[in-house]
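So for the sequence shown, this note's numbering puts the first residue at -17; every next one is plus one.
Here's the structure we're looking at; comments come further down.
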Amino acid sequence: MKSLIKTSLATALLAFQLNGAYWQQEVRYHIEVTLIDSNQTLTASEKLTYFNNSPDTLDGIWMHLWPNGYRNDKTALAQERMQEKHTRFINTSEAKRGWMDLGDVTADSVSILWRAKGDSIDIVWFELPEALVPGDSVLLDIPFQVKLPKLNSRLGYVGEHFEITQWYPKPAVYDATGWHPMPYRNWGEFYSEWGEFTVAITLPENYIVAATGELQTPSEKLLLDSLAIFGNSLLDSLEKNEGRKKPEPDTLNVLSKAKTPKSSSTTKTIIFNQKRIHDFAWVADKQFLVTHTTTTSVDSNRAPIDLWNFVLPKNFGTYRHGLKALKSAIDSCSAWFMPYPYAQCTVVDGDISAGGGMEYPMLTIINAVGWGELMDLTIFHEVAHNWFYGLAGFNERRFPWMDEGFTTYAEKRFTLAPKDSSEEDNEPAILKYLPFLNLNLMYDAPLYTAFLNNTDQPPNLPSDQFVGINYRYMVYDKPSVATMMLQHRVGQARMDEAWHDFFRQWAYKHPQPEDVRLSLETSLGMNLDWFFDGFIASRAKMDYGIGKVNSSPDDPSGWRTNLKLTNHGELTAPVPIVFRGVAENQIKTVWIDSVGTSQMLSVQTPFKPKSVVLDPDAQTLDMNRVNDGSGVHLKFIISDNFLNRGHGYTIRWLPGVWWNQRDGVLPAFWILHRKLDDPILQWRLSSQYGTKTKSWYESLSVKRRLDLAGVTQSFISARWMNNWYAPLVGFQSEFTWQDPAVSHQTKVNVGLLYQDIKLEALTREFFDTRVWNAGKVVKLKFNIHQQKKQLDKTRSTDFGMIAGMASPASNSGIGPNATPALRSGTTFLRWDASSHWQRKFSDRVKLNWNLFSAVVLGTTPLQERIYLSSSVDPNLESPLLLTRSGDHWLSPNDGLYLEQPVNIPGYGLAQSANAMVSAVSLIGTSLDINLGMPLKFLIAGGVGKATTSADWQAVGSFSPYLDLGPIPLQFVFPVAWLEDGKLTGGFQFQLNLKQHFTLNLGG
């Protein structure tokens, strides 16, 4: 160990630190690494100088060996991937797993002992032979070997494409709060010490390498320059041909189809160096096409910054604007935050890399996507990480919202910024193809969805505490929208100045949330409790509303408007009020920074206000915009506001046309108040006219949200249908309990339904008399659903009960399944129970196993019986049924089948005249086999009783089926089934209509 404080400078530094000033550790790496591509391994030697700038004496150093995260099924990465159901990782063979092994590790030439942190084999403690006192340093000599995994996170290979990230032993950060050892994870990123890297890479000579840092090897510089001349010429040809039928030059087509060349038998060593960074990554491939440009707009007094794209030939067209997007990111972020300080920045085509878009200092790895414009926006986002993570070294694992939220803010800022008309290629895709959208509303739409579902979480949680899509919504979207809201409040110039102040103080350091807060509050001169305590640290919602508005002349030349502003939400935040006159240029915006429960406002304008609206441009996170304006607005649903939430009470309308067998063509008209417009109360009213029956149909549905303590979601709803065949009215309440932190859900439904099946409908063959009784039916329904997701398994249980009373129109049941004639006041009871297990064996292979049972008691209307293959839709809920008559193959239980928990294909009315089609008691099971193909297999069977006095009868079938995924249809082919207790077979065909599909007109 080096001697203690050797200089007066070190003594002064120590005294400075002990007085409470900011400090951070420093590292200096010298790594020599060899890639052996034939067996996907790295052999390396690392010399790491660790400087203790803290006021504490250190007995050891926590080190990260992150390739060991791939090593077995017990690591944090493996458990996380199992929880995400990425079982491809779990099922990876031993030979394709990754790991890191260390050789004899020394500290100042003395061998040391090291141990893993419990079961976390990717975190180890280096026990130093001598305590490391403040101001001193230690030299660690670490020989190591890495077996690269087949790429399914950030590190690894695909064929002979290598992405070498998080690959070397690195110390955990030690800061004012202590050590931060952390296992490798796919979700949640990193936190590393600042320092200098010198990395020498040896590999076969024909590999092309992109890396962090400045290239130091002259021969490799010449190679890249020559490759860039060729790549830029291809890019020029591609741009000239853009818009033609054959845009890609022949040379590019040849390169795209070429086989990967064999590795050279000779090797080369290339060296990279960079100071003031906190990570180092590199990518190697033998087929990269290289393009290059420079930018000087960051600082005209410094050397141009080199901008590089390394792209595989097959993806070259997708990256055709890659250099422009890279330049836009460097130039824009330099102007907004601080000048880019490094000599180069590189974007690399990760092809099918599981790293997606992943940032490293000076190097960005991005998956190719088919839409070039989306690629450009992805490039901008990932390059912007060079500021929020690259220059402000946040703890990405503990506070993921800081790097992802602020970077997404930069992306949104770029998207929303007005573009020069001459820069058409820089226009973000969303502005080109969806110019009618209010982009602010589009960006907060995911948050609106999470808020409606009451499943949002505070953004300031550690990365491993977010559930599912909340990692996107709460880490990326909510902080970015809140930051844009702050910019709207203070203006772009003040926001730029505040960011420059922040980076002047915190570049090349480890700022915490309180440091960001203090810096912004100081620069902007305003309290930001609403931002940090409200939007970031809590689930509190913002909801302001305007009350009655009165405007009157205000001498000498103006108008005075008095209004009441009410805070219906849970936090106080800035909100703009916009006054508009008759003329387009008559507009005045007033920002209100703080509103308690309510506040009376008096605002003077030089014109008579025609409208007064809260936040009409959706610059804030106000989640209920119904009360943001006054009046009723009628809008066509396919208008420029289709995906936008309106201000004030918005009613949308839509004409349409439908068809069914009995009514023929049905012209239709809908008016509705959608969930997108109103989170509290929604309704939909429709009218249709049957051109064959000369009949009108009307329906109304209403749904109101309830906010009940301890309940995640709760609703009450009502439904009314007025038609010639089966008028009905129903009421339902729904309660859902779901913990956002776990994947458990309980849902309870209670409903009451009255319907009157007209005898005329049976005699006119609107309904199939084999499965329907005419008459009045009142039903009380109860259902409870529970679901539990755990790693690669999902289990759900359902229990349902229907208690009803029926009063017949006549003895209308006929056919083989007819019940005895219904009597006035007949009561019936139906019980259903089912359990469902899903096991995911890989990303493609899944098994679904169901157990189900049902029983009906009393004299039951035909439509309420248990049908083996299909529901008959007794509540008239399916919007896609085209006939119920029984004389057409698209009738339920004929050729068309409705999905239900009890589903044994092959027992339809037409196909199985001698088999039991419906039952009063049934116990069964089914196994659904999904091998990752559209063609799947269903084995189902059980025992049932057709009547209470009948014997138990075995039923069952084997059915291949074709599942078209998002299309709500399955093509089912029962090929073997039981009939009269005997196995029979043949060819049947049925079309299954998935009941979980509903027609939702934007609501």
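Note that CB positions come from ideal geometry on N, CA and C, so glycine has one too.
Item                                                                                                                 : Value
For residue 261 and residue 586, the rounded distance between their alpha carbons                                    : 56 Å
Residue 462 and residue 170 closer than 7 Å at C-beta                                                                : no
Minimum length 4: unbroken alpha helix (DSSP H) runs contained in the segment 361 to 398                             : 382 to 398
Element boundaries [alpha helix (DSSP H), containing residue 481]                                                    : 474 to 488
Cross-strand partners of residue 327 (DSSP beta bridge)                                                              : 289
Option in 882, 465, 530 and 871 with minimal Cα separation from residue 908                                          : 882
Spatial distance of residue 18 from residue 41 (CA atoms)                                                            : 36 Å
Closest Cα partner of residue 738 within the set 747, 755 and 746                                                    : 755
Local Cβ density within 10 Å of residue 974, reported as buried at 16 or more and exposed below that                 : buried
Span separating the alpha-carbon of residue 816 from that of residue 729                                             : 15 Å
Proximal residues to residue 865 (C-beta, below 8 Å), its chain only, five neighbours per side dropped               : 642, 643, 644, 872 and 873
Three-state class that DSSP yields for residue 221 in the structure shown                                            : helix
Own chain partners of residue 577 with C-beta closer than 7 Å, once the 5 adjacent residues on each side are dropped : 526, 547, 549 and 554
Backbone CA spacing between residue 889 and residue 925 [nearest angstrom]                                           : 13 Å
Inter-residue Cα distance where the pair is residue 360 and residue 146                                              : 21 Å
Cα-Cα separation, residue 795 to residue 789                                                                         : Annotation note: pLDDT 47 at residue 795 (below 50); position unreliable, coordinate value reported separately. Taking the straight line joining both Cα atoms gives about 13 Å.
Buried or exposed (CB count within 10 angstroms, at least 16 for buried), residue 651                                : exposed
Cutoff 7 Å: residue 428 Cβ touching any chain B Cβ                                                                   : Here there is only one protein chain, and chain B is not present.
Beta carbon of residue 481 nearer than 7 Å to that of residue 374                                                    : no
Beta-bridge pairing of residue 492 - partner residues as DSSP gives them                                             : In DSSP, residue 492 forms no bridge with anything.
Bridge-paired residues (DSSP) for residue 655                                                                        : 665
Residue 8: first and last residue of the uninterrupted beta strand (DSSP E) it sits in                               : 8 to 18
Beta-carbon separation (whole angstroms), residue 79 vs residue 53, contact threshold 8 Å                            : 6 Å
Exposure label - residue 772; buried when at least 16 CB within 10 Å                                                 : exposed
Rounded straight-line distance, which links the Cα of residue 327 to that of residue 191                             : 14 Å
Three-way DSSP call (helix, strand, coil) for residue 62 in this model                                               : helix
Three CB pairs or more closer than 8 Å across the segment 816 to 831 and the segment 695 to 714                      : no
Per DSSP, cross-strand counterpart(s) of residue 818                                                                 : 778 and 832
The beta strand (DSSP E) enclosing residue 314, as first and last residue numbers                                    : Counting along the chain, residue 314 falls outside any beta strand (DSSP E), though it belongs to the alpha helix (DSSP H) covering 304 to 318.
Stretch pair the segment 337 to 346 + the segment 506 to 519: three plus CB contacts closer than 8 Å                 : no
Counted within 10 angstroms of its Cβ, other Cβ atoms place residue 372 as buried (16 or more) or exposed            : buried
Which listed residue (455, 566, 141 and 559) has its alpha carbon closest to that of residue 575                     : 559
Span of the beta strand (DSSP E) around residue 685                                                                  : 677 to 688
Boundaries (first-last residue) of the alpha helix (DSSP H) holding residue 945                                      : It is not in any alpha helix (DSSP H) - residue 945 instead sits in the beta strand (DSSP E) that spans 935 to 945.
Neighbour-count burial assignment, residue 473, 16 or more Cβ in a 10 Å radius                                       : exposed
Residue range of the beta strand (DSSP E) that includes residue 236                                                  : Counting along the chain, residue 236 falls outside any beta strand (DSSP E), though it belongs to the alpha helix (DSSP H) covering 232 to 239.
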